[in-house]
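Here is the structure we will look at, set down as C-alpha cells.
Numbering (our numbering), first residue to last: 15 to 179.
This is how it looks when you write it as C-alpha cells:
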C-alpha cells in the first residue's frame, strides 16, 4: 500500500503543479505571452543567423501558439487530476485493477512530456532557435519539467504486485 500511496501523492503533486501553471497563465497572461511572442519572433537570437525566415511576426500567430499551450496545459491538468481520483478510488483494489486505473494519469503524463519535449525543446529551442537567446531561453526550465514529470511517470507505470507493501 505504501508504494501505491507514494504514486498517488506524486501524481497529485504534478497535478497541483499544472494547476498553478494554468492559474498563472490565466491570471498573469502577459508574462508568459511575452516569452512565447519573443521566441516566435526570434528577436533575441544571434545576429546574422540564417534561420530568421522561420520567425513568426504576426500577433495573431503568437496568440494561437499561446492559447494552444494553455489549452494543452488545461487538458494535461484535467487528465492528471482525474487520474489521481481514479487511483485514489482503486487504492485498496487488486493489483491489476489499480494498474488499470492509471490510464488517465498515463495519458496526462504523456501529454506533459510531449509538451516539454516537442513544444519547448524541439519547436521552441531548435526550430525557433530559442537556445540562441540569453533573455528568452526556456530550455533549462523545460528540461527540469521534463525530468521531474518523467521521473514520476516512470514510478507510476511500474506494475503493482499483489501483497506489495
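Backbone N, C-alpha and C fix where the C-beta goes; we use that ideal spot for every residue, glycine too.
Spatial distance of residue i from residue j (CA atoms)
{"i": "residue 16", "j": "residue 106", "result": "11 Å"}
{"i": "residue 181", "j": "residue 122", "result": "The shown model of the chain, from 15 to 179, leaves out residue 181, and the question about it has no answer."}
{"i": "residue 119", "j": "residue 65", "result": "38 Å"}
{"i": "residue 115", "j": "residue 31", "result": "21 Å"}
{"i": "residue 171", "j": "residue 58", "result": "40 Å"}
{"i": "residue 50", "j": "residue 131", "result": "16 Å"}
{"i": "residue 98", "j": "residue 76", "result": "33 Å"}
{"i": "residue 55", "j": "residue 69", "result": "5 Å"}
{"i": "residue 45", "j": "residue 39", "result": "8 Å"}
{"i": "residue 117", "j": "residue 67", "result": "41 Å"}
{"i": "residue 84", "j": "residue 36", "result": "7 Å"}
{"i": "residue 95", "j": "residue 34", "result": "13 Å"}
{"i": "residue 73", "j": "residue 108", "result": "53 Å"}
{"i": "residue 25", "j": "residue 142", "result": "32 Å"}
{"i": "residue 23", "j": "residue 61", "result": "47 Å"}
{"i": "residue 42", "j": "residue 104", "result": "37 Å"}
Rounded Cβ spacing between residue i and residue j (contact assumed at less than 8 Å)
{"i": "residue 86", "j": "residue 129", "result": "6 Å"}
{"i": "residue 160", "j": "residue 127", "result": "6 Å"}
{"i": "residue 53", "j": "residue 164", "result": "With 8 Å as the limit, residue 53 and residue 164 do not qualify as a contact, their Cβ atoms being about 23 Å apart."}
{"i": "residue 166", "j": "residue 28", "result": "6 Å"}
Simplified DSSP state of residue i, which is helix, strand or coil
{"i": "residue 46", "result": "helix"}
{"i": "residue 137", "result": "helix"}
{"i": "residue 9", "result": "In the structure as shown, the chain starts at 15 and stops at 179, and residue 9 therefore has no counterpart that could be examined."}
{"i": "residue 126", "result": "helix"}
{"i": "residue 114", "result": "helix"}
Any non-hydrogen atom of the ligand MN closer than 6 Å to residue i Cβ
{"i": "residue 95", "result": "This structure lacks the ligand MN, and indeed carries no ligand of any kind."}
Reference residue i; option with closest CA among the options
{"i": "residue 112", "options": "173, 80, 152", "result": "173"}
>> Report the start-end ranges of each alpha helix (DSSP H) in the region 29-81 that is 4 residues or longer and not cut off at the edges.
In response: The qualifying runs are 43-55.
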